[in-house]
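Take a look at the structure below.
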Amino acid sequence: METFKMSVRQACFMTIGIITASKLIFMTSVTAEFAKEGILFSILVDMLINAIFIAVTLNLDKKFHGKTIYCVISEKFGKPAAKIIFFILFIIFFLKSYLPIFEHEEFIKKTLYETAPLYANTIPFFVLSIYFSYKGFKGLARSSDILVWFTITGCICLILLTIPNVDLTQFLPVFARPEFILKASVKTALWHFDSIYFLLLVGHIKQEKKSTTKIFLSYLLSTLITLVYSGVIYGEYGILTERQYFPPVQMGMISVALINVGRIDYFAAITISFSQVFSAALPLFFATYCIQKVFGFKNKFIAPVAVNILSLAIVSVTSDYLYVLYEFLTEYAIYPIATVSIVFPLILSLLKHKHAGVALYE
Amino acid sequence: MLIEDFQSAEDYYISSFRANLARGVRVISLALAIFLPAFFVAAQLFHIQLLPLNFLLTIVNGIKGIPLSPSMEMFFILLIFEILNETSVRMPKYVGMAIGVVGALVLGETVVHAGIVSTPAVLIMALSGICIYTVPDIVESTSVLRLLFLMFAGSIGVYGIIICFGIILIYLSTIENYGSPYLAPYSPLIKNDLQDGIVMKRVDEMLRRPESIGSPNKIRRKENGNF
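Chains as they are written, first to last, in my numbering: chain A, 1 to 362; chain B, 1001 to 1227.
Spelled out as structure tokens, the structure:
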């Protein structure tokens, strides 16, 4: 039984350090392709909707008096129902994990290496992911305390290198094509739905004063960082942003500092890559947690190894079909992911829960 | 805790500014000791674009005609360094000077002149070797880590360093010694204990004892100077 509970500060650092890192690679170019100059509004729409549902999800922690979702569902509907729901959650997290892993691998392969076979880059990531999942919430919480500084440092360095080249007129005309903004929000929704992580953190966060407010504010800070980051990229490249698939190594390229000193922006890109490893491993972490709840393996290594090997197999087989899979995920898989992220917390918030006693199931 | 390896008794008797400088040097030295050889090998093998042009020309001139690959070259120098290190610990005092001459002149200079290893590689390993001793409490762990990072860097480049660092970070952040988290006060972040972290406060401003150690008496001194 996992008795470790992360502090509110660690949950905030996870939001700022790990969840933000997942939005720093492909998301800006895909959003720019559909939204054009409305890129910031498109990202804002997605993140504000998510922020509302994160607040709803976080309130479940207070409502259920520190019990986990598995415990609450087991008490209300029985263990078999809880296992079925958690198996569905496993599938959702598994679907959600595909894009971050692929994004991360492509970024590493295309920016840092001239030639490298797929497995040389992919397998080490899954070794880390297995260990990360094995260590559980303690590993996640304590790593967040360190990773947040890497993400913030990387973002600040890249933004400072890019700001002299930003042209704010790229964002004009404002609201010229609102339908494009909404279309971009739908097409890039896969990068959001972060409330799904907080759903499984319910019961794993220490109950402190104003915990919901603090974590909510940290998500708003994450939104601000993402907006500024995407804004400087679009301000620099304008209409060409949709071709900047790997912004950390493209943002600061024309900075005067780089011409004189060398490619120091690569150090910022490496720090962001470091945070990105964990953000790509986060959905697999939660998928492992779900499958561990379903099957209850005695050996804690089985679930992480099984989930990550399955993910490695799928990533290896489908490595040449990213666009097809992206269309599949956006047109079909998005509905179950949205249901779990948005509808499921609403359903849980309607459940009556009177008992404040000891959790019967963990 | 790891931070205790960077603390020294004299830090509390000198100016806090000087002590902070010394601690910063220790941290930077440890990072150089572990990562510099690995980054150098990774840059030569996989990421030549990371190196500034003038430095790149120097390295290219230095490695002309070297028969070993960059990773084998670095392993070879590391092996020589470890042999010299072990010999200097075990040898009788009266042959110390002779070993020093053999190590510095014969192995250092002659092996470069013979074209077996390049000058930049010897420089990098020598710098790493010196930096490792700025934190003497963890020399053994640091030498093993240096070797591990070199292996990862030689096989998959900077990404190998990132992954290896990630795994070590997860491991270190979850271990505890006698109930104290190893990476305290940074992971978990303990605000009170930051007073004596890499950046330390003045001694007279440290009013409370570290929370990570768990001593029953939390007050070190009261504000008017009494205990």
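By construction, the Cβ of each residue, glycine as well, lies at the ideal position given by its N, Cα and C atoms.
This one's a predicted model, so the numbers in the text were calculated from it and none came from an experiment.
Query	Result
CB of N59 (chain A) within 9 Å of CB of D194 (chain A), strictly	no
Helix, strand or coil at Y1186 (chain B) [DSSP, three-state]	strand
Stretch-stretch touch, CB-based, cutoff 8 Å, three pairs: the region 1067-1083 of chain B with the region 1119-1138 of chain B	yes
Cβ-based neighbour list, L1036 (chain B), same chain, cut-off 7 Å, excluding 5 preceding and 5 following	I1124, L1127 and S1128
Member of A:S319, A:V294 and A:L312 whose CA lies at the smallest distance from the CA of K79 (chain A)	A:V294
Opening and closing residue of the alpha helix (DSSP H) in which Q1044 (chain B) lies	S1016 to L1045
Members of the region 265-283 of chain A near chain B, C-beta cut-off 8 Å	Y266, I270, S273, F274, V277 and F278
Cα-Cα separation, F171 (chain A) to L1056 (chain B)	40 Å
Assumed close pair Q292 (chain A), A281 (chain A) - CB separation to whole angstroms, cut-off 8 Å	At roughly 16 Å, the Cβ-Cβ gap does not stay under 8 Å, so Q292 (chain A) and A281 (chain A) are not in contact.
Cross-chain neighbours of I108 (chain A) in chain B, by beta carbon under 9 Å	V1158, Y1159 and I1162
Contacts around A176 (chain A), its chain only, beta-carbon distance under 8 Å, and the 5 residues preceding and following it disregarded	E37 and G38
Beta-carbon neighbours of V1186 (chain B), restricted to chain A and to distances below 7 Å	In the sequence on display, residue 1186 (chain B) carries Tyr and not Val. Under the 7 Å cutoff, chain A gives D145 and I146.
CB-CB length for I1198 (chain B) against V1027 (chain B), believed under 8 Å	6 Å
Exposed unless 16 or more other CB atoms sit within 10 angstroms - verdict on A1038 (chain B)	buried
Other residues of its chain near T241 (chain A): CB distance less than 7 Å, five sequence neighbours each side excluded	T28, S29, A32, I233 and Y234
Proximity to S316 (chain A) [Cα-Cα], best of A:F87, A:A82, A:P248 and A:E106	A:E106
Rounded straight-line distance, which links the Cα of V127 (chain A) to that of I1167 (chain B)	9 Å
Interface partners of G1103 (chain B) on chain A, CB under 8 Å	Going along chain A, no residue has its Cβ under 8 Å from G1103 (chain B), so there is no contact; the nearest lies around 34 Å.
Three-pair Cβ contact test at 8 Å for the region 1176-1187 of chain B versus the region 1064-1074 of chain B	no
M1 (chain A) burial status per 10 Å Cβ neighbour count (16 or more: buried)	Note that M1 (chain A) has pLDDT 45, beneath the 50 cutoff, so the model's placement of it is unreliable and no number is given.
I205 (chain A) classed as buried or exposed, judged by whether at least 16 other C-beta atoms fall within 10 angstroms	buried
Three-state class that DSSP yields for P950 (chain B) in the structure shown	Examination of residue 950 (chain B) is not possible in this model, given that chain B is present from 1001 through 1227 alone.
Distance between V186 (chain A) and P1185 (chain B) (C-alpha atoms, nearest Å)	42 Å
Closer than 7 Å at the beta carbon, the chain A residues around Q1049 (chain B)	R263
Identity of the residues DSSP links to E1176 (chain B) by a beta bridge	B:P1181
Cutoff 9 Å: T1058 (chain B) Cβ touching any chain A Cβ	no
Backbone CA spacing between T271 (chain A) and R1146 (chain B) [nearest angstrom]	20 Å
Any C-beta of chain B under 9 Å from that of E114 (chain A)	yes
Alpha helix (DSSP H) segments (min. 4 residues) lying fully within the region 1042-1082 of chain B	1053-1062
Proximity below 9 Å, CB of M47 (chain A) to CB of L140 (chain A)	no
DSSP three-state assignment for T1219 (chain B), whether helix, strand or coil	Checking the displayed sequence, the identity of residue 1219 (chain B) turns out to be Ile instead of Thr. I1219 (chain B) falls in the strand class under three-state DSSP.
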